[in-house]
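Visitor: Position one of the sequence shown corresponds to residue 193 (the working numbering), numbered consecutively onward.
Note that beta-carbon positions come from the ideal geometry of N, C-alpha and C, so glycine has one too.
Below you'll find the structure I mean.
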Amino acid sequence: MEKYVLSVLVENHAGVLSRVSGLFSRRGYNIDSLTVCETSDPERSRMTIVGSGDEYTLEQIEKQLSKLVEVISIQRCNPSETTQREMALIKVKATGEKRAVIIETCNIFRAHIVDVSENALIVEATGSEDKISSLIRLLEPYGILELLKSGLTAMDRGDKIMS
193 MEKYVLSVLV ENHAGVLSRV SGLFSRRGYN IDSLTVCETS DPERSRMTIV GSGDEYTLEQ
253 IEKQLSKLVE VISIQRCNPS ETTQREMALI KVKATGEKRA VIIETCNIFR AHIVDVSENA
313 LIVEATGSED KISSLIRLLE PYGILELLKS GLTAMDRGDK IMS
């Protein structure tokens, strides 16, 4: 099974997210991550949907999505043609001399320390899924107390505007 990323432009109305996610669950398709946000036009929202499946499954999802009245457009996000990013907040146990090593590790990944307490740091990291996973692996030995990931977002690299 291949991973796919869809960028779906929808009307910004109550219940649209429920209808889109319901479409996936009714057909037994799993959503690996889903991010939604209003666009520069407050009448529209963009959903970035990540899932797994073969070409047939992806075609079926696209066909079913296009039948929803609120869906304006659907774009497959090819990694070579889109910029794809994920954000993570990672709370790491950080005491004594370990704190300096953790901060240096975060600097290597261009991650930011966004909160500091006596025994922990909260790190904000943005980048590719691989970059986030690598940072998490390096921080695990220090003790990850809590982890939150935003899910993938994607945007076309060219001057083409999704409409």
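Below 8 angstroms on the Cβ atoms is my contact criterion, and I expect Glu-192 with Ser-342 to pass it. Report the Cβ-Cβ distance as a whole number of Å.
Guide: As displayed, the chain neither begins before 193 nor continues past 355, which places residue 192 out of reach and without an answer.
Visitor: Restricting to Cα atoms, I'd like to know which of Glu-235, Glu-230, Cys-298, Ala-312 is closest to Leu-327.
Guide: Within the sequence shown, numbered from 1, the residue matching residue 327 stands at position 135. Closest by alpha carbon: Cys-298.
Visitor: Hey, how far is the Cα of Arg-236 from the Cα of Leu-281?
Guide: Residue numbering aside, residue 236 sits at position 44 when the sequence shown is read from its first letter. Residue numbering aside, residue 281 sits at position 89 when the sequence shown is read from its first letter. Going by the C-alpha atoms only, they are around 27 angstroms apart.
Visitor: Give me whichever residues DSSP pairs with His-304 in a beta bridge.
Guide: To locate residue 304, count along the sequence shown from 1; it is residue 112. Glu-316, per the DSSP bridge assignment.
Visitor: From the DSSP output, read off the bridge partner residues of Tyr-196.
Guide: Taking the sequence shown and counting its residues from 1, one reaches residue 196 at position 4. Gly-243, per the DSSP bridge assignment.
Visitor: Name the residue from Glu-247, Glu-194, Ser-272 whose alpha carbon lies nearest to the alpha carbon of Arg-349.
Guide: What you label residue 349 is simply residue 157 of the sequence shown in a count that begins at 1. It is Ser-272 whose Cα lies nearest to the Cα of Arg-349.
Visitor: With Val-200 and Leu-257 assumed to form a contact (beta carbons below 8 angstroms), what rounded beta-carbon distance in angstroms separates them?
Guide: Stepping through the sequence shown from its first residue, residue 200 is reached at position 8. Stepping through the sequence shown from its first residue, residue 257 is reached at position 65. The pair is a contact, with the Cβ atoms about 6 angstroms apart (cut-off 8 angstroms).
Visitor: Within a Cβ cutoff of 6 angstroms, which residues of the same chain sit near Cys-269, ignoring the five residues on either side of it in sequence?
Guide: Sequence index remark: in the sequence shown, residue 269 carries index 77 (1-based). Same-chain partners within the cutoff: Val-197, Ser-199, Ala-346.
Visitor: Please report how far the alpha carbon of Ile-253 lies from the alpha carbon of Met-193, in whole angstroms.
Guide: Indexing the sequence shown from 1 puts residue 253 at position 61. Indexing the sequence shown from 1 puts residue 193 at position 1. Cα to Cα, Ile-253 sits roughly 15 angstroms from Met-193.
Visitor: At which residues does the alpha helix (DSSP H) containing Ser-265 begin and terminate?
Guide: Here residue 265 is taken as the residue at index 73 of the sequence shown, counted from 1. Here Ser-265 belongs to no alpha helix (DSSP H); instead the beta strand (DSSP E) covers 263-268.
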